[in-house]
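In the numbering used here, the protein residues as written are 280 to 616.
Read through the structure below, which is laid out as structure tokens, and then see the notes.
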């Protein structure tokens with residue numbers, strides 16, 4: 280009888296120890312680094328990839344040890360149906376649990392991309408394409424796709440002017456349209472209802488407001504000068520004078536070698552404000568917040584002209600005679616030196 284009781288006790292102890300031992304082994308596997316080499320790898324999970332495709336990529340990268348345990352862990356975390364596509368930075372110093380969690384959460388690799396004030400669509404497309412975040416031509420095409428532009432609530436032929444200049448963290452899995460939508464979203468955050476209300480007070484639609492801001496942005500100048508440049512254009516519009524802005528001429532040209540000539544000022548394009556009256560049909564760049572605010576709050580001056588002093592600032596004049604003298608001083612005489 281004693282022998283039977285001892286056997287029962289042994290069986291009971293065994294039944295307790297074995298599950299705990301298996302759990303300890305499994306838990307240790309799940310939470311321990313894949314290995315101690317600390318090898319970093321980047322894997323890209325394409326859209327539409329299934330669980331088998333993903334594990335094949337991880338295995339090839341040397342991130343799966345003990346395949347059966349990995350599959351068991353993945354299923355316990357419901358990973359086979361929840362892994363997100365994208366580019367991931369992983370390491371062999373990560374545990375299997377950490378790797379699976381990262382793939383489930385979609386913690387994809389982000390690229391830091393600064394978009395300067397005044398960049399246009401083509402310049403932005405080129406910058407993003409240079410680090411393979413988008414296809415350059417796809418980005419440009421999407422940026423002027425009427426249905427897509429309209430879906431973003433933009434009353435214009437393209438998203439020019441609405442790709443807000445900022446430093447972005449973007450991923451390669453986003454593609455052209457999601458990237459554009461993200462940048463337009465940043466514009467919506469920066470341009471408040473109060474600002475749009477102020478634009479209406481000045482008699483501008485949103486498109487006209489952004490268009491004028493884009494011209495002010497491209498004219499350059501110091502932050503303090505933007506309100507003065509804005510005043511010049513506001514005053515010229517009120518007097519029904521042509522804006523005569525060189526950046527608008529350049530934007531309407533098919534190609535530009537960096538040297539604007541008199542013949543360019545006479546060329547008839549929708550954007551040449553030497554030949555058209557009022558504002559061009561849309562923005563010529565993507566303005567930053569300073570230019571947008573300067574558009575809404577021009578300086579209270581009667582200036583109608585300005586000319587570059589070739590040092591990053593401008594000379595402003597309220598009449599043509601004074602302006603011509605400034606042009607002679609800062610431009611013509613300088614060229615003759």
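A virtual CB, placed ideally from N, CA and C, is assigned to each residue, including glycine.
One alpha carbon belongs to residue 386, the other to residue 441, and they sit about 28 Å apart. The alpha helix (DSSP H) runs lying completely inside the segment 371 to 433 and spanning 4 residues or more are 375 to 384, 400 to 409, 415 to 422 and 425 to 430, given in chain order. In this structure, residue 566 lies near residue 492, with their beta-carbon atoms less than 8 Å apart. A contact is defined here as three or more CB-CB pairs under 8 Å, and the segment 405 to 421 fails this definition with respect to the segment 353 to 365. Residue pairing by DSSP places residue 366 opposite 323 in a beta bridge.
Under the DSSP definition of a beta bridge, residue 596 partners with 584.
By the 16-neighbour rule on beta-carbons within 10 angstroms, residue 484 is exposed. Linking residue 311 to residue 376 through their CA atoms gives a straight-line distance of about 9 Å. Beyond the five residues adjoining it in sequence on each side, residue 418 comes within less than 6 Å, by CB distance, of 404 and 455 in the same chain, given in chain order. Segment contact: the segment 520 to 535 against the segment 486 to 503, three or more CB-CB distances shorter than 8 Å; contact assigned. The bridge partners DSSP lists for residue 355 come to none. Remark: C-beta atoms of residue 430 and residue 370 do not approach each other more closely than 8 Å. Counting along the chain, the unbroken alpha helix (DSSP H) around residue 334 starts and ends at 330 to 339. A direct Cα-Cα distance of roughly 39 Å separates residue 326 from residue 475.
For residue 552, the number of other beta carbons within 10 angstroms of its own is at least 16, and it is reported as buried. 8 Å or more divides the Cβ of residue 578 from the Cβ of residue 478. Look at residue 447 here: in three-state DSSP terms it is strand.
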